[in-house]
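Those sequence lines, one after another, are chains A and B. The opening position of the first sequence corresponds to residue 582 in the numbering used here, with each subsequent residue numbered one higher. The opening position of the second sequence corresponds to residue 506 in the numbering used here, with each subsequent residue numbered one higher. Below is one structure, written out as structure tokens; the observations come after it.
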Amino acid sequence: MEFLGYVRPDGSVGIRNHVLVVPGGVIAEKICALVPGTKTIAMAKSGGGMTTRDREAVARTFFGLALNPNVAGVVLHSGLVAGGYPELKVERLAAEIAKSGKPLEVVDVMAEGGALETIMKGVKVARKMVQDASRLRRELVGIGTLCLGVKCGASDPTSGMVGNPVVGYLFDRIVESGGTAMFGETTEIIGAEHILAKRAVNEQVAEEILEAVRFVEDRALATGEDIRTMNPVPENIASGISSLEEKSLGAIYKAGHQPIQGVLKYAERPGKPGLFLVDTWMGITTIFPGFVAAGAQLTLFQYGGGGGAKARTLLDVSPSIVAPLLWTSANPVAYAQAKDSFDFYSGTVIEGTETIEEAGERLLRLVADIASGTLTRNETFNYADPIEVYGIDPLF
Amino acid sequence: MTQKRGLILHPGDNVGNALEEVLQGEVIGLSLGKEIVQVEALEAIPFGFKIAVKEITSGEPIIKYGETIGHASKPIKRGSLVHVHNLAGARGRGDLRKRP
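Here it is as structure tokens:
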């Protein structure tokens, strides 16, 4: 199967053609307000007082988003106060982004003489960059150039029975075609890690999967709380999920059946195709930016929704920045409540009119269509949530 | 008698899921591959919730997806609702402060 994408200088393929202004903050926001076709990020914590590994996660997020194939060009500014940490210096971020060969303009606040002057310079370079990007044309490429990331949320029994297996079918087809697929939410593999470890490509990866789970579960045990008061969340339980094990055993179906090639840190780029586990927290404003900074051109939210009539609020959540977010559900009630927010419905399998494979093929065709340029429902609404990089350690 | 639809995900499972709202006394036909397992609901089983398809003794593992999702915290009769009132998960239980 093929789609129409933007082939970048490094051979990667974009399904969108944005100009990215990073880091976030007032300079980036004002540049983006004046220049259509640009994107930026909002984030509250950007490195200060963080441990080395958490600052590195912030840095990976900044340059990872810039390296995403959906980004045609990058405006990098030095106006974010990051305390002078070496990981976050503009020179370092610029060097990482330059490896891709894509257009990059660095705007230095000191050289420009102030924040307002930096905004003016940024607007000038961004205007040229979006016009240059508009000259690029889509070309026919294989679906094996795609990298996908999935999260399941508001999970209910329809998630494990149908919604996640349908996404798993899509993941299998993408990986079989030479593509890349990522899933995460380490807490939600507790109780299912033995199955994933068996699917690891080698012993080392198997041990990394088990160690990621041990780390999270040890932290859960140290709280002294019954994890069922935190996760599964009350809505999961209200929908019929009874334990974390049950939630996890349903959640892993979204990862399909292919071998697991590795465990990635937050916003870490996989470096080779195949299926990867990302060691990250489940939060929607965290996990999606992490997938996109790791290179996902398209992200999916597989929604359960059985535990509460919350589906109408779906439009509010949009944390994927430069990658489209596709909403899917297998729950007939949730889908009926928010048809204008969902891109895909697999409740047909529950109703008995389609098999998991048939729904999966339909989802694959939709993904190819969106990759060719058709907007997701989420992309038709101009709103982006602030993102939260996954930090492992306390702040100091 | 009304026949409602349900699903057993794995041959080794001792619970299945209701695919429709099931009232007390109704019979669910739970698909297990090509087979249909008929179970009379001893109580209401809401959409998506679990019903015991075998007699389960206290402390016995509850099996779904062919895997352990927890243990019975009391005896569970075939046809009963299975949820947090009679199923206890073991993982991440900081209140117990130990691994299963």
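For glycine and all other residues, C-beta sits at the position ideal for the given N, C-alpha and C.
CB of residue i within 8 Å of CB of residue j, strictly
i                  : j                  : result
Gly-645 of chain A : Ala-874 of chain A : yes
Gly-575 of chain B : Ile-567 of chain B : yes
Leu-657 of chain A : Val-639 of chain A : no
Leu-944 of chain A : Phe-962 of chain A : no
Val-616 of chain A : Ala-714 of chain A : no
Val-520 of chain B : Ala-557 of chain B : yes
Ile-808 of chain A : Arg-510 of chain B : no
Leu-537 of chain B : Ile-513 of chain B : yes
Gly-954 of chain A : Arg-718 of chain A : no
Cys-522 of chain A : Thr-761 of chain A : The structure shown does not extend to residue 522 of chain A, since chain A spans only 582 to 977, so no value can be given for it.
Val-690 of chain A : Val-655 of chain A : no
Cys-733 of chain A : Gln-883 of chain A : yes
Thr-880 of chain A : Glu-969 of chain A : no
Glu-540 of chain B : Val-532 of chain B : no
Asp-737 of chain A : Gly-821 of chain A : yes
Asp-635 of chain A : Asp-921 of chain A : no
Val-748 of chain A : Thr-909 of chain A : yes
Val-652 of chain A : Lys-680 of chain A : no
Asn-598 of chain A : Gly-876 of chain A : no
Met-624 of chain A : Ile-724 of chain A : no
Gly-553 of chain B : Asn-591 of chain B : no
Thr-619 of chain A : Ala-696 of chain A : no
Leu-830 of chain A : Gly-759 of chain A : no
Gly-744 of chain A : Gly-885 of chain A : yes
Gly-605 of chain A : Leu-669 of chain A : no
Phe-869 of chain A : Leu-906 of chain A : yes
Leu-586 of chain B : Ile-550 of chain B : yes
Collapsed DSSP secondary structure at residue i in the structure displayed
i                  : result
Tyr-926 of chain A : strand
His-775 of chain A : helix
Phe-872 of chain A : helix
Thr-761 of chain A : strand
Arg-800 of chain A : helix
Thr-767 of chain A : helix
Thr-562 of chain B : coil
Gly-741 of chain A : helix
Glu-969 of chain A : coil
Ala-877 of chain A : coil
Lys-920 of chain A : coil
Lys-732 of chain A : strand
Leu-976 of chain A : coil
Leu-586 of chain B : strand
Ile-902 of chain A : coil
Ile-937 of chain A : helix
Ile-951 of chain A : helix
Ile-790 of chain A : helix
Ile-822 of chain A : coil
Leu-727 of chain A : coil
Met-863 of chain A : coil
Gly-517 of chain B : coil
Counterpart residues of residue i in DSSP-defined beta bridges
i                  : result
Trp-908 of chain A : A:Phe-882
Asn-522 of chain B : B:Leu-512, B:Lys-555
Asp-807 of chain A : B:Arg-598
Ser-536 of chain B : B:Leu-512, B:Ile-541
Lys-569 of chain B : B:Glu-572
Glu-720 of chain A : A:Gly-586
Val-687 of chain A : A:Leu-657
Val-527 of chain B : B:Ile-550
Gly-695 of chain A : BP columns for Gly-695 of chain A are empty, so no partner.
Ala-593 of chain B : B:His-576
Ala-781 of chain A : A:Ile-841
Ile-581 of chain B : B:Ile-561
Status (buried if at least 16 other CB within 10 Å, exposed otherwise) for residue i
i                  : result
Asp-600 of chain B : exposed
Val-607 of chain A : exposed
Gln-918 of chain A : buried
Leu-661 of chain A : buried
Gly-703 of chain A : buried
Lys-611 of chain A : buried
Tyr-964 of chain A : exposed
Ala-803 of chain A : exposed
Phe-923 of chain A : buried
Lys-579 of chain B : exposed
Glu-560 of chain B : exposed
Asp-860 of chain A : buried
Ala-676 of chain A : exposed
Asn-783 of chain A : exposed
Gln-842 of chain A : buried
Ala-692 of chain A : exposed
> Fully enclosed by the stretch 593-661 of chain A, which alpha helix (DSSP H) runs are 4 residues long or longer?
Replying inline: 607-615, 633-648
> Whole beta strand (DSSP E) runs in the stretch 830-860 of chain A with 3 or more residues, listed along the chain?
Replying inline: 841-845, 855-859
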